[in-house]
Amino acid sequence: MIKFEIDGKKIQAKSGSTIIEAADAAGVDVSHIPRFCYHSKLSIAASCRMCLVEVENGRKPLPACATTVTAGMKIYTKSHQAMQAQKEVMSFLLINHPLDCPICDQGGECELQDLSMGYGRTSTSFIEGKRSIKDKDIGPLIATEMTRCIHCTRCVRFCSEIAGLRELGILGRGEHSEISTYVEHSMQSELAGNIIDLCPVGALTSKPFRFKARAWELRARAGIAGHDCLGSNINIHIKRESDSQPERIMRVVSRTNEKLNETWLSDRDRFSYTGLYHADRLARPMIKQIGKWQETDWETALTVATQKLQNVIAQNGAQAVGGLISPNSTVEECYLFQAWLRSLGVPHIDHRIRQSDFDHQIQSPLVWSTCKCVQSLEETTSFLLIGSFIREEQPLITSRIRKATQGGARVHVINPVDFDFHLTLTNRCIVSPWGMVCSLAAIAQVLFGNDKKKLNIMPKPIAELIRQQKPNTVEHDIARDLQQDKAPLILLGALAQAHPYFSYLRVLSETIAIEIGAKTLHLTDSANEAGAWLATALPHRRIDGVSIKEPGYNAKAMLAKTLKSYCLFGLEPTYDSAYPELARTALQQAECVIVCSAFKNKAMLEYADVLLPIATHLENEGSFVNIEGTRQSFQRSVNKPFAEARCGWKVLRVLANFMGRPGFDYQTVLELSSELSRNLENDLQSEHIPPVDFKPLPTVSDNTVWRCGYWPIYRNDSLVRRAEPLQVLTVEQDLAKLRLGAALATHLKVNNGDRVSVSSDHPDAKPVTLQVLIDQRIADATVCLPSGLPDIAINGPLSVVRITT
Amino acid sequence: MSLSFAKRQINSLLLLELFRGLSITGRVFLTRAITIRYPEEDTPISPRFRGMLALRRYANGEERCIGCRLCEAACPALAITIEADVRSDGSRRTTIYDIDAFKCMHCGFCEEACPVDAIVLTSEMHYHMEARGENIFTKDKLLAIGDLYEEKIAQDREKDNA
Amino acid sequence: MSSEEQIIQLTPEICQAIDQWVLKYPPEQKRSAVLAGLRIIQRAYGWLSDERMRALAEYLDLPPMDVYEVASFYSMYERKPIGRYKLAVCMNISCHLCGSDNIIKHLESRLGICMGETTSDGLFTLRRAECLAACTDAPILQVDDRDYYKRVTPEIIDQVLEQLHQAGRKKGRDDAT
Chain S
33 MIKFEIDGKK
43 IQAKSGSTII
53 EAADAAGVDV
63 SHIPRFCYHS
73 KLSIAASCRM
83 CLVEVENGRK
93 PLPACATTVT
103 AGMKIYTKSH
113 QAMQAQKEVM
123 SFLLINHPLD
133 CPICDQGGEC
143 ELQDLSMGYG
153 RTSTSFIEGK
163 RSIKDKDIGP
173 LIATEMTRCI
183 HCTRCVRFCS
193 EIAGLRELGI
203 LGRGEHSEIS
213 TYVEHSMQSE
223 LAGNIIDLCP
233 VGALTSKPFR
243 FKARAWELRA
253 RAGIAGHDCL
263 GSNINIHIKR
273 ESDSQPERIM
283 RVVSRTNEKL
293 NETWLSDRDR
303 FSYTGLYHAD
313 RLARPMIKQI
323 GKWQETDWET
333 ALTVATQKLQ
343 NVIAQNGAQA
353 VGGLISPNST
363 VEECYLFQAW
373 LRSLGVPHID
383 HRIRQSDFDH
393 QIQSPLVWST
403 CKCVQSLEET
413 TSFLLIGSFI
423 REEQPLITSR
433 IRKATQGGAR
443 VHVINPVDFD
453 FHLTLTNRCI
463 VSPWGMVCSL
473 AAIAQVLFGN
483 DKKKLNIMPK
493 PIAELIRQQK
503 PNTVEHDIAR
513 DLQQDKAPLI
523 LLGALAQAHP
533 YFSYLRVLSE
543 TIAIEIGAKT
553 LHLTDSANEA
563 GAWLATALPH
573 RRIDGVSIKE
583 PGYNAKAMLA
593 KTLKSYCLFG
603 LEPTYDSAYP
613 ELARTALQQA
623 ECVIVCSAFK
633 NKAMLEYADV
643 LLPIATHLEN
653 EGSFVNIEGT
663 RQSFQRSVNK
673 PFAEARCGWK
683 VLRVLANFMG
693 RPGFDYQTVL
703 ELSSELSRNL
713 ENDLQSEHIP
723 PVDFKPLPTV
733 SDNTVWRCGY
743 WPIYRNDSLV
753 RRAEPLQVLT
763 VEQDLAKLRL
773 GAALATHLKV
783 NNGDRVSVSS
793 DHPDAKPVTL
803 QVLIDQRIAD
813 ATVCLPSGLP
823 DIAINGPLSV
833 VRITT
Chain W
54 MSLSFAKRQI
64 NSLLLLELFR
74 GLSITGRVFL
84 TRAITIRYPE
94 EDTPISPRFR
104 GMLALRRYAN
114 GEERCIGCRL
124 CEAACPALAI
134 TIEADVRSDG
144 SRRTTIYDID
154 AFKCMHCGFC
164 EEACPVDAIV
174 LTSEMHYHME
184 ARGENIFTKD
194 KLLAIGDLYE
204 EKIAQDREKD
214 NA
Chain Y
64 MSSEEQIIQL
74 TPEICQAIDQ
84 WVLKYPPEQK
94 RSAVLAGLRI
104 IQRAYGWLSD
114 ERMRALAEYL
124 DLPPMDVYEV
134 ASFYSMYERK
144 PIGRYKLAVC
154 MNISCHLCGS
164 DNIIKHLESR
174 LGICMGETTS
184 DGLFTLRRAE
194 CLAACTDAPI
204 LQVDDRDYYK
214 RVTPEIIDQV
224 LEQLHQAGRK
234 KGRDDAT
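Chains S, W and Y, in that order, are what the protein sequence lines are. With the first letter of the first sequence counted as 1, position 258 gets the number 290 in my numbering; the numbers rise by one all the way through. With the first letter of the second sequence counted as 1, position 58 gets the number 111 in my numbering; the numbers rise by one all the way through. With the first letter of the third sequence counted as 1, position 15 gets the number 78 in my numbering; the numbers rise by one all the way through.
Structure follows, in structure tokens:
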């Protein structure tokens with residue numbers, strides 16, 4: 033610690049810290065140093081010179097952001113010299129800045145506006161012409177007004193340091209310098225929206241929010257982002273009800289939480305609100321009567337739903353009903369959903385709509401493995417990433433890993449496609465989905481050698497698989513690096529979870545982890561997967577954690593077995609399910625499909641019988657359990673969700689009431705939460721878990737072609753799919769093509785632009801005709817065709833597919 | 054006591070107070086009248102008079118209002134409702150600009166707040182409504198009032214600035 | 064996934080020339096060779112196209128933006144096609160006093176173009192230059208950033224233009240662009 037003085041007050045700070053850091057740590061009571069280019073999360077540029085302060089015995093004012101404190105230093109931030117310097121800098125900054133605050137969206141929340149009130153002069157001595165810069169089109173998310181730019185370079189530094197993609201730069205020099213992408217294109221980064229928050233002036237503003245409201249008429253409510261498992265903290269900005277408009281969510285900005293999202297927010301979390309008032313939004317409950325849809329009130333809709341469901345149960349028993357809930361629902365909703373269905377005797381309850389392999393479910397822990405602390409990812413030095421387009425799945429966790437790699441951490445990847453993560457990868461195994469399992473087994477073989485003892489205690493097929501492998505150099509390198517590292521981290525992504533041999537991947541990665549002292553971490557692509565496990569929206573486990581002797585159907589079986597009735601909550605199975613084809617047929621043939629959803633779609637209108645509108649996570653109340661295992665509660669941001677929509681837990685509660693189930697008398701979400709908490713506190717009974725039968729190894733021939741059907745970042749859930757600005761980006765990516773490597777193209781005798789039919793490997797599967805695009809990043813014997821796209825329904829995101837030319 | 058009583062008696066017998074009053078009447082009878090025949094005639098009013106509201110345009114016909122919402126924020130009676138959006142040419146314009154004449158108290162804060170002199174209070178005070186809902190002055194109505202009174206508004210502003 | 068862009072590769076000769084510069088710097092600081100690399104490409108093709116700058120960035124393992132920034136910072140890198148010969152006349156004080164504006168006027172009338180423009184036959188581009196550090200021989204005409212013509216007069220200009228004209232016609236335009 034170093035002792036020094038700011039404005040006559042004695043202060044201590046860590047050695048090596050800069051004046052501005054020390055002053056900020058001491059708090060505003062001590063002093064506030066004005067700044068533009070300085071940002072605590074970015075490197076130091078010292079280019080704006082707004083933070084000039086006087087230092088005793090200094091020849092001239094020094095920039096506080098770039099000067100480190102020394103013992104006994106005497107700093108004056110309000111002295112004549114300091115104030116003079118700051119005022120002069122301000123007048124230079126204002127030389128070229130237009131006086132267009134009234135039409136500037138930053139007006140009212142602008143750092144330049146604020147500081148010019150304190151340091152600006154009333155008039156300027158600059159009479160020459162002002163500079164003006166042509167605006168750049170950098171995509172559907174960010175509006176530019178580059179004449180307003182003061183060249184603080186925060187956005188430039190953000191892109192290269194945090195987003196890992198140097199998309200913006202300073203071009204030209206002197207008066208001609210400007211921030212630009214040089215070659216005009218939409219910004220590719222999935223974190224680009226942060227530069228809106230970073231920009232201290234109105235040069236970069238939100239395009240969807242453009243001119244819609246002013247900062248002073250918005251009220252902020254704390255919320256939790258609901259599109260990935262990080263649970264970023266957000267502020268939801270709401271405009272009050274007026275004569276012309278009901279209360280509306282106008283935008284979402286980040287809320288600082290050092291542990292999770294720091295000050296950042298991914299574009300998906302930031303702009304998903306634009307889908308809230310989409311034409312597809314369900315405004316009122318709807319019932320289908322004699323094939324025709326009609327809007328109705330809640331009472332009627334609930335009565336109809338109750339009658340239909342009770343009819344099915346009376347005729348076919350509760351066994352004929354299946355319940356599917358979105359893993360993006362709150363813990364409370366998951367809990368009520370399973371409690372309601374179980375009270376009716378329904379055994380088939382699941383939230384794992386994207387999983388294909390459930391073999392290992394009985395041995396799964398109560399909660400997905402969580403990492404104690406997301407911050408600690410930055411200190412990890414070796415990562416093994418299995419089956420994940422992590423940059424799209426978990427944008428902000430990727431930025432933590434990126435920070436780790438900047439400090440020298442090594443990242444090894446096993447993926448079916450060489451996805452671009454915008455970070456330096458040490459080793460990559462780009463192999464077919466089955467190859468992923470083999471690669472992992474090969475790594476295990478390098479680690480275990482032919483240690484018979486260890487192999488014997490493993491399940492037979494896995495030991496067999498490890499024995500078969502002939503590790504190549506990359507696998508050798510990965511294994512050795514993991515072995516040498518103190519605490520490596522094995523990350524299993526959404527593609528691993530959707531893998532038809534997920535149980536293999538899981539057991540292998542856990543075995544490896546135990547061998548080398550690593551940790552495994554499941555990165556789920558939904559907001560509340562961990563919470564859904566805790567609340568046991570599962571077919572095989574009760575709320576007290578006890579396994580059910582004869583578990584109900586899992587998500588896949590439920591669709592494959594074609595039940596008489598389905599209850600869907602927050603889902604669009606034709607987009608969200610790993611088995612969209614199965615889902616469509618199963619739901620079409622069902623007698624009664626009750627859907628609680630915020631949005632409707634064409635397929636839903638065909639298969640559903642009752643549509644109950646619910647709130648989206650931005651309007652909802654409840655809690656999400658994130659990757660850290662932290663349960664983050666949030667309250668309703670708006671007084672009332674959109675139109676007649678209601679919070680999901682209320683709908684479930686009233687459904688239970690209508691069906692005459694006792695015990696569903698919660699008045700507030702808090703009552704529900706505390707009951708749930710009590711249930712979770714119960715001591716979990718230790719039980720004997722029988723060994724699992726693993727499915728046999730597949731027979732892989734030379735002609736087997738696998739599909740990699742990842743969910744693109746902006747096709748991940750209903751709300752994001754309705755967010756128009758984000759969909760523009762999806763369209764730009766041109767995803768509805770069959771991408772394959774050159775080797776496979778030669779094998780299949782197809783060329784770029786040819787049209788081929790693709791279908792899942794099932795005799796009745798309906799083929800989809802697509803254009804071929806040869807892409808070197810795709811592994812051998814693999815085609816890349818994303819899931820969640822309209823009009824492309826192929827079962828199994830990582831299964832074998834048939835291709836006919 | 055008795056003396057003042059006698060004085061009062063004499064005054065009233067001689068009708069002195071009556072004549073004093075009539076003398077004033079007679080004087081005023083001969084001077085020029087200061088009343089006017091309202092509504093046929095108008096009193097002169099200050100160029101700063103705060104009457105009916107209007108939205109002005111530039112000489113080229115472009116509306117002045119840029120949808121900054123400062124008037125809305127300044128209005129103490131919450132009489133102004135604005136919705137803004139991007140117009141097809143990319144500029145910031147209002148889609149809704151409503152003033153509730155029942156709420157408006159003609160304080161003129163909106164005019165003070167306006168950076169482009171779009172919202173103004175005209176010197177017109179003779180206006181009325183005939184049906185419910187007419188108290189809401191919409192954007193079209195306000196612009197029409199502006200067009201109608203532009204000459205007078207400009208004159209008033211010039212006089213005030215001089 | 065962005066669609067694949069057409070990638071232009073640098074020729075082996077250019078790569079070789081750049082390699083010599085790369086060797087002069089520590090291996091982890093390949094970016095130091097950006098200036099030299101841009102100069103080599105400009106000499107070969109006359110100007111710097113976006114694709115070639117991107118190719119250079121790829122060759123040096125840098126984000127393309129690093130190269131764009133450098134190229135736009137220095138005024139002697141041409142980011143748009145120019146004439147076969149770049150004629151630059153110094154406009155600073157010494158040359159100015161010795162009549163550089165007459166030289167420019169003469170050039171403009173001879174070539175039929177204004178300052179900054181290129182002749183229609185694509186042979187000459189006229190530029191102004193800041194001090195070329197040859198004040199003793201003012202006024203100075205610089206051709207293609209390399210060749211200096213000292214104490215130029217309208218007569219010398221005519222000779223130079225004639226020479227360049229013939230040489231240029233003989234060689235024809237460098238079709239590499």
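Note that beta-carbon positions come from the ideal geometry of N, C-alpha and C, so glycine has one too.
Assuming residue i is part of the beta strand (DSSP E), what are its boundary residues?
| i | result |
| --- | --- |
| ILE319 (chain S) | 318-321 |
| GLU327 (chain S) | 324-327 |
| GLU210 (chain S) | 210-212 |
| ALA107 (chain W) | 106-108 |
| LYS551 (chain S) | 551-554 |
| ASP138 (chain W) | 133-139 |
Does residue i have its Cβ less than 9 angstroms from a Cβ in chain S?
| i | result |
| --- | --- |
| GLU180 (chain Y) | no |
| ASP237 (chain Y) | Residue placement at ASP237 (chain Y) cannot be trusted, given a pLDDT of 46 that sits under 50; the coordinates are not used to answer. |
| GLU136 (chain W) | yes |
| SER144 (chain W) | yes |
| ASP56 (chain Y) | Outside the modelled stretch of chain Y, which goes from 64 to 240, sits residue 56 (chain Y), for which no answer is possible. |
Mind checking which residues open and close the alpha helix (DSSP H) that includes residue i?
| i | result |
| --- | --- |
| ASP164 (chain Y) | 163-174 |
| GLU903 (chain S) | No statement about residue 903 (chain S) is possible, as the shown extent of chain S runs from 33 to 837 and does not include it. |
Which chain W residues sit within Cβ distance under 8 angstroms of residue i?
| i | result |
| --- | --- |
| PRO134 (chain S) | ILE119, CYS121, LEU123, PRO168, VAL169 |
| GLN277 (chain S) | GLU136 |
| TRP248 (chain S) | ALA126 |
Would residue i count as contacting chain W if we go by Cβ distances under 9 angstroms?
| i | result |
| --- | --- |
| LYS244 (chain S) | yes |
| ASP169 (chain S) | no |
9 angstroms is my cut-off, CB to CB: does residue i come that close to chain Y?
| i | result |
| --- | --- |
| SER706 (chain S) | no |
| THR213 (chain S) | yes |
| LEU74 (chain S) | no |
For residue i, return the contacting residues in chain S, with the cut-off set at a CB-CB distance below 8 angstroms.
| i | result |
| --- | --- |
| ASP151 (chain W) | ASP275, SER276 |
| VAL139 (chain W) | ARG242, PHE243 |
| MET139 (chain Y) | Result: empty, since nearest Cβ-Cβ is about 12 angstroms, beyond 8 angstroms. |
Quick one: what does DSSP say residue i is sitting in, helix, strand or coil?
| i | result |
| --- | --- |
| SER471 (chain S) | helix |
| THR413 (chain S) | coil |
| GLN667 (chain S) | coil |
| ARG236 (chain Y) | Only weak support is given to the placement of ARG236 (chain Y): the predicted model assigns it a pLDDT of 43, under 50, and the value that follows is read from those uncertain coordinates. Note: ARG236 (chain Y) maps to coil in three-state DSSP. |
| ARG739 (chain S) | strand |
| PRO217 (chain Y) | helix |
Given that residue i touches chain Y, what residues does it touch there, using C-beta distances under 7 angstroms?
| i | result |
| --- | --- |
| ARG205 (chain S) | PHE136 |
So is the beta-carbon of residue i under 8 angstroms away from any non-hydrogen atom of the ligand FAD?
| i | result |
| --- | --- |
| GLY377 (chain S) | The model on display carries no ligand, and the ligand FAD is accordingly not part of it. |
Could you tell me which chain S residues have their CB closer than 7 angstroms to the CB of residue i, listed as they occur along the chain?
| i | result |
| --- | --- |
| GLU132 (chain Y) | GLY201, ILE202, LEU203 |
Would you mind telling me which residues of chain Y sit closer than 9 angstroms to residue i, beta carbon to beta carbon, in chain order?
| i | result |
| --- | --- |
| ARG198 (chain S) | LEU125, PRO126, PRO127, MET128, ASP129 |
Could you tell me whether the segment 348-367 of chain S touches the segment 556-570 of chain S, where touching means 3 or more Cβ pairs closer than 8 angstroms? The segment 348-367 of chain S is in contact with the segment 556-570 of chain S.
Is it a yes or a no for the segment 189-207 of chain W touching the segment 140-154 of chain W, going by three-plus beta-carbon pairs under 8 angstroms? Counting Cβ pairs under 8 angstroms, three or more are found: they touch.
Inter-stretch contact at 8 angstroms, needing at least 3 Cβ pairs: the segment 211-219 of chain Y / the segment 157-173 of chain Y: The segment 211-219 of chain Y makes contact with the segment 157-173 of chain Y; the number of CB pairs closer than 8 angstroms reaches 3 or more.
Determine contact between the segment 132-150 of chain Y and the segment 100-112 of chain Y, defined as no fewer than three beta-carbon pairs at a distance below 8 angstroms. Cβ pair count under 8 angstroms is three or more, so yes.
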